[in-house]
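Note sheet for the following structure.
Here it is as structure tokens:
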């Protein structure tokens with residue numbers, strides 16, 4: 005089995021910790037100021053209060069009332085929970101009002117008696133302290149501090165309550181806390197970070213240590229929304245063995261033939277090619293096929309403003325407006341430079357949960373890649389893949405590469421994330437722009453490996469197989485357009 | 196400060212479980228005996244018998260000596276083995292020493 009745990013209700017966190025925080029033990033949440041520790045504590049308090057684990061929230065930097073107000077602002081309804089007697093608050097802010105001078109030894113019995121009373125009289129089962137750093141101020145000598153902290157954790161154990169202690173870190177990496185001792189005595193240590201990565205804020209959370217329990221290792225992206233903290237674990241619930249049975253038609257016979265029967269359900273398709281090779285067109289086809297069938301589709305565009313995108317589709321015979329009006333298609337365009345990847349992940353998650361699309365298009369992820377750091381982008385892609393798999397959605401992502409490079413490109417994680425990869429290219433050696441595409445990879449399927457031609461005609465698109473002669477002829481006279 | 200009408204109000208928070216608290220009581224008694232009793236009003240609050248009395252001043256540590264009046268509030272943590280903070284406080288507010296005639300502070304039985 006495993007040690008008893010309490011779920012936290014913080015999206016993603018219970019996955020990282022394989023079930024939540026250790027019951028009856030102490031958890032340390034460390035991070036620089038502004039990393040979201042208090043929000044973590046408030047969300048946790050709300051969840052525990054609603055699940056018959058009455059918490060006592062001890063405010064040191066901010067009063068209990070202020071913490072309740074902050075929680076209410078996140079929609080947690082903490083004041084209501086307090087009024088209903090499902091949670092309690094205590095203030096230790098007064099000593100911040102005036103100077104505190106030290107005249108000799110002291111211990112923690114003031115707090116201990118207060119906690120004892122809370123447990124005995126109010127049946128409190130969890131105690132959350134925000135924060136230990138503020139509590140132990142002025143900071144005593146390390147030896148005394150260690151004793152105080154031990155005394156605190158020992159009291160929590162003795163009272164049989166679950167403890168969550170917040171502490172401030174001097175930096176994002178390196179020494180864990182300003183006090184320097186807490187991580188040794190706590191069974192679970194969580195670190196929250198908020199760093200700047202190529203001009204972008206990047207929030208992350210890490211389960212640094214979890215005694216007697218397995219957990220996800222390393223940092224995971226997270227973000228703070230108007231509803232609180234949201235974490236994106238990269239390995240979601242076990243994905244059922246991939247069974248590539250269900251397919252849906254693209255609406256273009258040649259394309260269905262090329263993919264061996266149509267697009268695969270619950271798969272992530274990457275369409276890769278240079279600008280002008282027809283990726284957006286293909287994305288449009290994919291989106292339309294779904295919407296026309298009555299499914300819900302979300303199209304995220306990062307290349308052009310929405311009116312231009314919609315008009316371009318119309319011009320090539322793929323009118324989107326009726327589908328948008330019927331509610332089956334949502335087109336959302338964003339400038340990647342002004343985008344926070346965490347916010348985009350959250351927006352995706354909320355979009356999936358509220359609108360429930362079965363298909364998602366992102367055109368193109370390269371725009372996002374160029375506007376972020378390698379690390380952020382990688383975390384983003386993995387977050388997207390995890391999100392999609394968690395909800396069993398299908399997606400098509402377009403990727404821009406240089407002409408002629410389509411087959412060679414790419415970060416290994418992108419290829420791993422994709423169930424199918426289509427490569428598109430074009431040559432301008434004939435009078436017409438000759439667009440070609442082929443399936444490079446299609447997991448779990450037999451598919452054509454030969455190149456196909458994409459032809460834009462009045463009223464739509466045509467996809468037709470190239471004969472070997474045509475292909476060889478093209479290849480020998482190939483004259484790619486310089487960029 | 197008008198010391199005739201406004202004595203300093205001090206509260207010592209202690210806990211029977213806390214060894215420094217016991218020392219603080221003795222040290223406080225010893226120090227206050229050197230000063231005129233009508234200038235200082237002292238109360239002792241034992242958190243083991245009355246946990247709620249610590250809530251008003253939000254006491255986390257014991258012993259804590261809290262100056263409730265006059266404003267601003269001030270906290271002296273610790274067993275008073277270093278008497279300077281308290282002595283400086285008393286002298287700042289013009290509490291007069293008894294010059295060799297130790298006085299008992301009868302406001303509280305434990306002192």
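Residue numbers (the working numbering), protein chains in the order written: chain A, 5 to 487; chain B, 196 to 306. Ideal Cβ placement from N, Cα and C applies to all residues, glycine included. None of the values given here were measured: they were computed from a predicted structure.
Between the segment 12-23 of chain A and the segment 216-236 of chain A, are three or more C-beta pairs nearer than 8 Å? yes
Kindly identify the DSSP beta-bridge partner or partners of residue 232/A. Within the first chain, the letter at position 228 stands for residue 232/A. Beta-bridge partners of residue 232/A (DSSP): 229/A.
Do residue 171/A and residue 46/A have their C-beta atoms within less than 8 Å of each other? Here the question's residue 171/A lines up with position 167 in the first chain. Here the question's residue 46/A lines up with position 42 in the first chain. No, Cβ-Cβ distance for residue 171/A and residue 46/A is not below 8 Å.
Output the boundary residues of the beta strand (DSSP E) element that contains residue 198/A. Here residue 198/A corresponds to residue number 194 of the first chain, with the count starting at 1. Where residue 198/A is concerned, the enclosing beta strand (DSSP E) stretches over 192-201.
Identity of the residue in 246/B, 254/B, 215/B and 241/B nearest residue 124/A by Cα: The residue labelled residue 124/A in the question sits at position 120 within the first chain. Out of 246/B, 254/B, 215/B and 241/B, 246/B has the C-alpha closest to the C-alpha of residue 124/A.
Looking at residue 439/A and residue 281/A, is the spacing between their C-beta atoms short of 8 Å? Residue numbering aside, residue 281/A sits at position 277 when the first chain is read from its first letter. Residue numbering aside, residue 439/A sits at position 435 when the first chain is read from its first letter. Cβ atoms of residue 281/A and residue 439/A: closer than 8 Å.
How should residue 285/B be labelled, buried or exposed, when 16 other C-beta atoms within 10 angstroms of its C-beta is the threshold for buried? Numbered from 1 along the second chain, position 90 holds the residue referred to as residue 285/B. So residue 285/B ends up on the buried side.
Taking only beta carbons into account, state which residues of the segment 66-93 of chain A come closer than 7 Å to chain B, listed in chain order. none
Look up residue 493/A in the DSSP assignment and give the residues it is bridged to. Here chain A has residues from 5 to 487 only, and residue 493/A is not among them.
In whole angstroms, what is the alpha-carbon distance linking residue 418/A and residue 398/A? Numbered from 1 along the first chain, position 414 holds the residue referred to as residue 418/A. Numbered from 1 along the first chain, position 394 holds the residue referred to as residue 398/A. About 16 Å.
Near-chain A residues of the segment 220-244 of chain B - C-beta to any C-beta below 9 Å: Answer set for the segment 220-244 of chain B: 222, 242 and 243.
Can you tell which of 407/A, 132/A and 120/A has the C-alpha that lies nearest to the C-alpha of residue 163/A? Numbered from 1 along the first chain, position 159 holds the residue referred to as residue 163/A. Of the listed residues, the one whose Cα sits closest to residue 163/A is 120/A.
Grab me the residues of residue 269/A's own chain with a C-beta within less than 7 Å of its C-beta, minus the 5 sequence neighbours each way, in chain order. Counting from one through the first chain, the residue named residue 269/A turns up at place 265. So the list reads 250, 251, 252 and 398, once near-sequence residues are dropped.
Of the residues 202/B, 209/B and 276/B, which one's Cα is nearest the Cα of residue 259/B? In the second chain, the residue the question calls residue 259/B occupies position 64. The shortest Cα separation from residue 259/B among 202/B, 209/B and 276/B belongs to 209/B.
So residue 25/A and residue 41/A are in contact, right, with Cβ under 8 Å, and what is the actual spacing, rounded? Here residue 25/A is taken as the residue at index 21 of the first chain, counted from 1. Here residue 41/A is taken as the residue at index 37 of the first chain, counted from 1. Between residue 41/A and residue 25/A the Cβ distance is about 14 Å, and since that is not below 8 Å, they are no contact.
Can you list, in chain order, the stretches of the beta strand (DSSP E) that have 3 or more residues and sit fully within the segment 315-394 of chain A? 333-337 and 363-367
Buried or exposed for residue 222/B, going by 16 or more other Cβ atoms inside 10 Å? Locating residue 222/B in the second chain gives position 27, counting from the first residue. The residue in question, residue 222/B, is buried, as its Cβ has 16 or more Cβ neighbours within 10 Å.
Can you look up residue 151/A in the DSSP assignment and give me helix, strand or coil? The sequence position of residue 151/A within the first chain is 147, counting from 1. DSSP places residue 151/A in helix when its eight states are reduced to three.
Under the assumption that residue 383/A contacts residue 225/A (Cβ atoms under 8 Å), give the Cβ distance between them as a whole number of angstroms. Along the first chain, one-based indexing puts residue 383/A at 379. Along the first chain, one-based indexing puts residue 225/A at 221. Their Cβ separation, rounded to whole angstroms, is 5 Å, which keeps residue 383/A and residue 225/A in contact under 8 Å.
Does residue 135/A get closer than 8 Å to chain B when you measure Cβ to Cβ? If you number the first chain from 1, residue 135/A lands on position 131. False, the Cβ-Cβ gap to chain B never drops below 8 Å.
Interface residues of the segment 101-116 of chain A facing chain B [CB-CB below 9 Å]: 101, 102, 103, 104, 105, 106, 107, 108, 109, 110, 111, 112, 113, 114, 115 and 116
Reducing DSSP to helix, strand and coil, say where residue 17/A ends up. What you label residue 17/A is simply residue 13 of the first chain in a count that begins at 1. The answer is helix: DSSP assigns residue 17/A an H, G or I state.
With 16 other Cβ atoms within 10 Å as the buried cut-off, status of residue 406/A: As a first step, residue 406/A must be located in the first chain, where it is residue number 402. It is exposed - the Cβ of residue 406/A has fewer than 16 other Cβ atoms within 10 Å.
Verify the CB distance criterion: does residue 208/B have a CB-CB separation below 8 Å to chain A? On the second chain, residue 208/B is found 13 positions in, with the first residue counted as 1. Yes, contact with chain A.
Residues of the segment 252-265 of chain B whose Cβ lies closer than 7 Å to any Cβ of chain C, in chain order: Among the chains of the structure shown, chain C does not appear; the protein chains present are A and B.
Based on the DSSP secondary-structure assignment, which residues constitute the bridge partners of residue 469/A? Position 465 of the first chain holds residue 469/A. 456/A, per the DSSP bridge assignment.
Per-residue DSSP class, three states only, for residue 198/B: Here residue 198/B corresponds to residue number 3 of the second chain, with the count starting at 1. Caution applies to residue 198/B, whose pLDDT of 47 falls short of 50 and renders its modelled position unreliable; the model cannot decide the point.
I'd like to know if the segment 208-216 of chain A and the segment 355-362 of chain A are in contact, where contact means that at least 3 CB-CB pairs between them fall below 8 Å. no
Straight-line CA distance for residue 27/A to residue 165/A? Here residue 27/A refers to the residue found at position 23 of the first chain. Here residue 165/A refers to the residue found at position 161 of the first chain. Their Cα atoms are separated by approximately 8 Å.
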